[in-house]
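Have a look at the structure below, then the notes.
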Amino acid sequence: MQPISPLMIEHRIIERMIKIINLKFEEYTRTKNPNKLFIESAVDFIRTYADQTHHGKEENILFRELKKKSLTLEHKRIMDELIQEHITGRRITGQLETAKNLYFSGQKKALDLILKKMDFLVKFYPKHIEKEDKQFFQPVMSYFSLEEQNKMLNEGYLFDRKMIHRKYSKLIGEFEKKSGLPLIMSRNWLDYL
Ligand SMILES: [Fe+2]
Ligand SMILES: [Fe+2]
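So for the sequence shown, the numbering used here puts the first residue at 2; every next one is plus one.
So this is what it looks like as structure tokens:
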């Protein structure tokens with residue numbers, strides 16, 4: 002299996018969630034009644050799965066290795082665009098969370114902002130995924146030997162294995178902070194798992 006195979010399977014999972022976010026966008030536009038729990042779940046999905054798990058493997062493994070190769074100008078341009086798009090995705094997700102907090106703290110005008118950010122994300126992710134699937138992933142595999150590809154695939158498995166520990170360690174850290182407790186778990190410990 003190529004290291005891009007798990008990434009493409011993850012794209013299919015992200016697409017399923019984007020479809021649901023789009024349905025909720027249409028529902029909230031109609032009812033003007035957004036659901037706090039759903040928006041929080043969507044933000045968590047985008048942050049933990051689409052960004053940290055999926056973009057994490059793209060940036061920290063595939064793109065990192067591609068940066069060591071002599072890329073064509075076209076491939077370099079697309080990779081730079083993809084990195085910028087990841088940054089945009091993070092920014093808009095943060096703005097969606099802020100808009101949700103404003104709305105549920107009583108500022109009903111923030112509904113427009115919630116809808117705008119949801120609309121942006123459901124249009125943005127499919128285009129980003131299509132660019133990777135159709136213009137980038139397969140062609141850039143030719144820069145790597147079979148051995149290099151296997152190495153990246155295995156590094157991806159290790160990266161994924163640590164995600165559950167990262168996610169819940171981070172969650173506990175947030176609770177500790179809110180409760181005024183000292184942070185017990187240092188990030189370095191996770192490297193040994
Ligand atoms: Fe990406
Ligand atoms: Fe991707």
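The beta-carbon is built from N, C-alpha and C at its ideal position, and this holds for glycine as well.
With 16 other Cβ atoms within 10 Å as the buried cut-off, status of residue i
i, result
"H166", "exposed"
"K101", "buried"
"M80", "buried"
"T94", "buried"
"Y104", "buried"
"F176", "exposed"
"E148", "exposed"
"M153", "buried"
"L83", "buried"
"K179", "exposed"
"G107", "exposed"
"E59", "buried"
"P183", "exposed"
Alpha helix (DSSP H) segment containing residue i, residue limits
i, result
"I21", "5-32"
"I70", "Here residue 70 turns out to be Lys, not Ile, going by the sequence shown. Looking at the DSSP string, K70 is not in any alpha helix (DSSP H), and its letter there is neither H nor E."
"D45", "37-45"
Residue nearest to residue i in terms of C-alpha spacing, selected from the options
i, options, result
"L116", "Y29, H55, Y193", "Y29"
"Y193", "H87, I173, K163, F26", "K163"
"I47", "A111, K70, M119", "M119"
"E16", "E60, M153, K179, A51", "A51"
"F125", "I88, D161, A111", "I88"
"E98", "L83, I84, L114, Q85", "L114"
"E11", "R65, E133, F64", "E133"
"S44", "T73, R91, L8", "Residue 44 is actually Val in this sequence, not Ser. It is R91."
"S143", "I40, Q53, H76, R31", "H76"
"Q3", "L182, S146, F160", "S146"
Short CB-CB distance (under 8 Å) between residue i and chain C
i, result
"A51", "No chain C is part of this structure, which consists of one protein chain only."
Threshold first: 4 residues or longer. Then list the alpha helix (DSSP H) segments lying entirely within the stretch 106-160, N to C.
112-132, 138-141
Pocket of ligand 2 defined by Cβ to heavy atom distance under 6 Å:
L8, H12, H55, E59, I130, E133
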